[in-house]
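Everything below concerns the one structure shown next.
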Ligand code: SF4
Ligand code: SF4
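Numbering (the working numbering), first residue to last: 183 to 537.
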């Protein structure tokens with residue numbers, strides 16, 4: 183942490199208004215019974231008392247985006263000769279994501295190791311990532327489905343955030359985490375934090391960590407899941423009630439798979455990228471009709487194995503799950519990824535081996 187300020191609850195809209203000058207600011211708001219991230223404007227009432235139902239993944243990785251426009255033109259002297267013109271359409275507006283939880287910001291660190299590396303750089307992702315700052319709220323009211331403390335994180339983890347807010351009497355302690363975040367603290371709505379506010383924030387962080395369900399270390403799952411790779415009886419059991427809806431992937435802050443389609447009309451068109459889901463039968467369906475993951479058991483094995491075994495193996499440690507618990511809370515048939523991992527690790531499960 184670099185410097186600390188204090189934001190009174192009554193000054194929240196003033197700070198949000200200042201942040202929104204020349205940028206889009208995305209805040210969690212209630213919409214049709216769910217809490218989702220939407221642009222802040224006059225009268226917007228942010229919901230800061232609970233985790234949003236969907237993470238702010240769209241801020242950097244939109245569910246649908248145009249990658250390029252293309253057009254063909256024919257040579258009037260030689261109709262068999264066609265010229266192709268391609269225009270890339272990177273769209274990276276200056277953005278602040280306000281009020282996400284530490285797991286939401288940390289989710290993008292999972293993306294970074296895939297889309298913005300020394301050898302591979304996805305310009306659409308990388309430019310939006312560079313133009314987006316995360317003002318994160320320390321999570322002092324974890325839900326029963328939260329398990330960030332079992333996957334190498336905590337409810338007050340600042341990894342991936344630019345600014346961290348911690349609830350204190352009458353407002354929040356506001357701490358810059360990155361140089362870019364430090365610039366956001368230069369605002370009249372923020373006052374210098376008193377020593378008392380800093381002490382309260384320290385106590386609040388300790389209380390948030392203590393409020394979490396007991397931690398269990400998920401790191402050994404990497405080897406245990408490999409041992410289960412060919413045990414299709416195990417995967418049949420744990421996937422029995424899955425209906426392959428894909429909600430777990432769409433709501434996951436760390437799922438980053440996509441598909442690409444070309445939409446063409448006459449001599450012009452556009453290339454579109456949309457989220458994809460490995461829980462769908464079509465995800466690995468080959469043109470020949472062969473499908474290397476023909477059953478939902480194969481597909482769930484891939485989803486769990488990728489997050490807890492293959493990704494940590496490729497990237498030397500980090501688990502590709504931030505423990506947000508959304509896939510547990512919002513799965514329509516209550517498939518519980520914690521239970522599957524714990525079963526693979528031969529740890530006791532809350533549902534007596536019936537995830
Ligand atoms: S949300 Fe649940 S039912 Fe839907 S695909 Fe995921 S595990 Fe299966
Ligand atoms: S796998 Fe589930 S708990 Fe883990 S980050 Fe994704 S939605 Fe959250």
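In this text, a Cβ means the ideal position worked out from N, Cα and C, and glycines have one as well. Model, not experiment: these values are computed from the prediction.
Buried versus exposed, by CB contacts within 10 Å (16 or more), residue i
i	result
residue 522	buried
residue 351	exposed
residue 232	exposed
residue 409	exposed
residue 470	exposed
residue 247	buried
residue 455	buried
residue 537	Reliability of the predicted coordinates at residue 537 is poor, the pLDDT of 38 falling under 50, and the value obtained from them is presented with this limitation in mind. Label assigned to residue 537: buried.
residue 245	exposed
residue 534	Legend: pLDDT at residue 534 = 41, less than 50; position of this residue unreliable, value from coordinates given subsequently. Residue 534 is exposed by the Cβ-count criterion.
residue 507	buried
residue 412	exposed
residue 331	buried
residue 520	buried
residue 463	exposed
residue 439	exposed
residue 357	buried
residue 249	buried
residue 219	buried
residue 254	exposed
residue 299	exposed
residue 261	exposed
residue 488	buried
residue 491	buried
residue 499	exposed
residue 532	exposed
Rounded Cβ spacing between residue i and residue j (contact assumed at less than 8 Å)
i	j	result
residue 230	residue 319	6 Å
residue 303	residue 242	Not really, about 14 Å apart at Cβ, beyond 8 Å.
residue 217	residue 190	Not confirmed; about 23 Å, so no contact.
residue 322	residue 390	4 Å
residue 355	residue 383	4 Å
Alpha helix (DSSP H) segment containing residue i, residue limits
i	result
residue 308	305-312
residue 425	Residue 425 -> no alpha helix (DSSP H), and no H or E assigned at all.
residue 401	Segment: none, residue 401 is in no alpha helix (DSSP H) and carries neither H nor E.
residue 486	478-487
residue 194	194-201
Delimiting residues of the beta strand (DSSP E) encompassing residue i
i	result
residue 250	246-257
residue 445	440-447
residue 374	372-374
residue 353	353-358
residue 283	Note, residue 283: premise wrong, no beta strand (DSSP E); not H, not E.
residue 349	345-350
residue 263	260-270
residue 187	186-190
residue 525	Counting along the chain, residue 525 falls outside any beta strand (DSSP E), though it belongs to the alpha helix (DSSP H) covering 519-526.
Proximity test, Cβ basis, 8 Å: residue i and chain B
i	result
residue 350	Protein chains in the displayed structure number just one, and chain B is not present.
contact_flag[the segment 340-359, the segment 280-296] where n(CB pairs < 8 Å) is 3 or more: yes
At least 3 beta-carbon pairs within less than 8 Å: the segment 308-316 vs the segment 263-283: The segment 308-316 vs the segment 263-283: in contact.
Evaluate contact between the segment 293-307 and the segment 370-383, counting only Cβ atoms and requiring at least three cross-stretch pairs below 8 Å. Taking a contact to require three or more Cβ pairs closer than 8 Å, the segment 293-307 and the segment 370-383 do not qualify as touching.
Would the segment 423-432 count as touching the segment 470-490 if we require 3 or more Cβ pairs under 8 Å? yes
Specify whether the segment 363-370 and the segment 193-205 touch according to this definition: at least 3 beta carbon pairs, one from each stretch, less than 8 Å apart. yes
Touching by the beta-carbon criterion (3+ pairs, under 8 Å), the segment 491-509 and the segment 433-451: yes
Counting pairs of beta carbons, one from the segment 393-403 and one from the segment 488-508, are three or more of them closer than 8 Å? yes
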